[in-house]
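Numbering (my numbering), first residue to last: 730 to 907.
Down below is the structure, laid out as structure tokens.
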Amino acid sequence: MAGKHGMIEPFEAGQVRAADNGDQVISYGTSSYGYDVRCASQFKIFTNINSAIVDPKHFDEKSFVDINDDVCIIPPNSFALARTVEYLRIPRNVLTICLGKSTYARCGIIVNVTPLEPEWEGHVTLEFSNTTPLPARVYANEGVAQFLFFESDETCETSYADRQGKYQGQKGVTLPKA
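Here you go:
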């Protein structure tokens, strides 16, 4: 399905567990019934330096510190945004759900992504919560979450593209839009 619809770019047909130099990585690529996506090296970490209020209708970009690195350290009990390396195109008859990888979950790092609706496309903005009282590390260009694809026997009546959804075609880490 992924090849036929150009759903995932870049696409890894197998599961990658080691880097080109032989170093072990948190796996990414095709899994048994889904696809493990990677996190890009762009991160936005919540900060209270500017005493901004988190408001989804009037989001203040001063709520974040931008980091571009191969590793992101999320402070204790804090939150960060990132994006997938992969650009996704969801077919009209598919709904996609995201679950965090157990490697991160066992470290107290929760990955949240809302469902990807039929005909949504873009880089997926990833939300990381560090639920521990310790700093937590997230690795760029390694697996962070698994996407599960549910194919319907019917196409939806109205897709995300039909509704001209506000996050359609997003690139980079995308902040909330009212």
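Glycine included, every Cβ here is placed at the ideal spot set by N, Cα and C.
A quick note: this is a predicted structure, and the numbers were derived from the prediction, not measured.
The alpha helix (DSSP H) that contains Tyr889, what's its start and end?
Segment: none, Tyr889 is in no alpha helix (DSSP H) and carries neither H nor E.
Which first and last residues belong to the beta strand (DSSP E) in which Tyr868 is found?
865-868
From Lys733 to Gln771, what distance separates their C-alpha atoms?
29 Å
Looking at Ala769 and Thr813, is the spacing between their C-beta atoms short of 8 Å?
yes
What alpha helix (DSSP H) runs, 4 residues minimum, are completely inside the stretch 805-892?
831-834
Spell out a yes or no on whether the stretch 836-848 and the stretch 779-791 are touching, meaning 3 or more CB-CB pairs, one atom from each, closer than 8 Å.
no
Since Thr759 sits in a beta bridge, which residues does DSSP pair it with?
Tyr764
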